[in-house]
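The structure appears below as structure tokens.
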Amino acid sequence: MPDQSAGNGLNLQQALERLDEPTVLYRQGEHAVYWLGVPEDTSFRSNIYLIRDGDHGLLVDPGSRHLFDQVYRRVTQIMPPQSLAGMILCHQDPDVAASMGQWLAVNPAMKVLTTPRTQVLLPHYDPPPYDYYDVEANPEYLLPSGRSLRFIPAPFLHFPGAFTTYDAGARLLFSGDIWAAIDLNWQLVVDSFADHIPALDLFHTEYMASNLAARGFARRLQGLPIDAILPQHGSIIGPTMVPEALEYLQNLRCGTDIIYAGLSER
Ligand SMILES: [Fe+2]
Ligand SMILES: [Fe+2]
């Protein structure tokens with residue numbers, strides 16, 4: 590088993606054992622990151638996370654409508670759901686955002702943190718009026734503890750307006766569909782990156798736009814200390830495997846690289 594702790598509050602070792610209740614992935618002082626769900630019996634599981642900074646709670650990609658009751662119960666074990674401050678929606682897909690109306694019914698004051706391209710599509714879920722936070726206009730989100738979140742665009746991975754969220758203090762990257770995996774032999778934390786590649790390929794070759802999009806995003810991450818990658822599907826990638834994960838993205842052939850492989854550039 591590779592070292593899954595970064596010595597700064599991250600503890601993925603513990604995360605391996607507690608799958609049926611909120612799982613603490615990181616804790617330091619008032620700041621904690623939880624994995625909320627959900628061990629569905631499908632190869633296409635959705636990971637839902639909660640960032641808690643004191644009394645300030647943000648859901649990361651709250652997920653599908655049918656998961657709402659379970660996710661709600663798990664939030665209750667951590668903090669009053671009525672007190673949640675917001676939800677981060679990395680794009681508008683139903684596995685990310687369909688439960689937004691249910692959460693806004695719990696607390697109409699919850700902010701919705703997303704990109705303008707996502708924001709124009711969210712009305713199709715028929716949510717009640719809500720407070721929209723534009724992550725492109727305001728890429729730095731200050732938390733009560735003085736820590737901050739940074740929103741990093743990830744165009745065409747896979748949605749034009751997709752973005753990722755970097756927890757600067759915890760050095761965690763909530764990567765949305767990037768590094769998502771499809772796998773029946775699922776586990777919460779990757780223990781061999783080489784063995785994980787086929788599950789990553791199943792998702793990325795079909796969903797992601799192109800090698801150029803993947804490399805462009807990898808370049809945006811240059812110089813950023815990342816201790817773990819927390820994708821919206823599949824398994825968490827721990828500190829020792831982050832360099833391999835970045836290399837995977839650099840070398841990825843996907844989307845138009847494959848579909849139009851025979852078409853030469855003009
Ligand atoms: Fe998606
Ligand atoms: Fe997804």
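Take any residue in the sequence shown, note its place counting from 1, add 589, and you have its number in the working numbering. Each residue gets a CB set at the ideal place from its N, CA and C atoms; glycine is no exception. Because the structure is a prediction, the values reported are computed rather than measured.
Identity of the residue in the options nearest residue i by Cα
{"i": "L673", "options": "L773, P683, L648 and Q666", "result": "L648"}
{"i": "M797", "options": "D766, G823, S781 and L813", "result": "D766"}
{"i": "S737", "options": "Y638, A759 and P718", "result": "A759"}
{"i": "E836", "options": "P611, R706 and Q811", "result": "Q811"}
{"i": "R663", "options": "D630, S688 and L639", "result": "L639"}
{"i": "A783", "options": "P728, I826, V613 and F806", "result": "I826"}
{"i": "R808", "options": "L789, Q839, F657 and V613", "result": "Q839"}
{"i": "I667", "options": "M689, P716, L656 and D642", "result": "D642"}
{"i": "E610", "options": "T665, S688 and L601", "result": "T665"}
{"i": "L614", "options": "L731, Y722, Y714 and I818", "result": "I818"}
{"i": "P733", "options": "A698, S688 and G618", "result": "G618"}
{"i": "D658", "options": "Q681, H680 and Q691", "result": "Q691"}
C-beta contact flag for residue i and residue j at 7 Å
{"i": "F763", "j": "V724", "result": "no"}
{"i": "T754", "j": "F740", "result": "yes"}
{"i": "P828", "j": "D816", "result": "yes"}
{"i": "A686", "j": "L693", "result": "no"}
{"i": "R842", "j": "N774", "result": "no"}
{"i": "D684", "j": "S653", "result": "yes"}
{"i": "P670", "j": "V695", "result": "yes"}
{"i": "M676", "j": "V701", "result": "yes"}
{"i": "I848", "j": "F633", "result": "no"}
Straight-line Cα distance separating residue j from residue i
{"i": "Q821", "j": "P651", "result": "10 Å"}
{"i": "V660", "j": "V627", "result": "8 Å"}
{"i": "F748", "j": "N636", "result": "18 Å"}
{"i": "A757", "j": "E795", "result": "31 Å"}
{"i": "M590", "j": "V779", "result": "Unreliable positioning characterises M590 in this predicted model, as indicated by a pLDDT of 46, which lies under 50. A coordinate reading is not provided."}
{"i": "P728", "j": "G805", "result": "18 Å"}
{"i": "R646", "j": "P787", "result": "Note on identity: in this sequence residue 646 is Gly, with Arg being the wrong assignment. Looking at the two C-alpha atoms, the distance is approximately 34 Å."}
{"i": "M699", "j": "D644", "result": "13 Å"}
{"i": "Y721", "j": "Y730", "result": "13 Å"}
{"i": "P717", "j": "P697", "result": "8 Å"}
Residue interval of the beta strand (DSSP E) (run including residue i)
{"i": "T631", "result": "Per DSSP, T631 belongs to no beta strand (DSSP E) and is neither H nor E."}
{"i": "Q617", "result": "T612 to Q617"}
{"i": "V778", "result": "It is not in any beta strand (DSSP E) - V778 carries neither H nor E in the DSSP assignment."}
{"i": "R641", "result": "I637 to D642"}
{"i": "G626", "result": "H620 to G626"}
{"i": "D723", "result": "D720 to D723"}
Span of the alpha helix (DSSP H) around residue i
{"i": "V846", "result": "Reading off the sequence, residue 846 comes out as Asp, not Val. From DSSP, the alpha helix (DSSP H) with D846 extends over T845 to I848."}
Tell me the start and end of each unbroken alpha helix (DSSP H) in the region 682-718 that is at least 4 residues and wholly inside, in chain order.
-> 683-686, 689-695 and 705-708
What runs of the beta strand (DSSP E), each 3 residues or longer, lie entirely inside the region 727-771?
-> 729-731, 737-742, 752-756 and 761-765
Jot down the residue ranges of each uninterrupted alpha helix (DSSP H) in the region 785-840, minimum 4 residues, whole runs only, in chain order.
-> 800-809 and 831-840
Please go through the region 645-688 and give each complete alpha helix (DSSP H) segment of 4 or more residues, from N-terminal end onward.
-> 657-665 and 683-686
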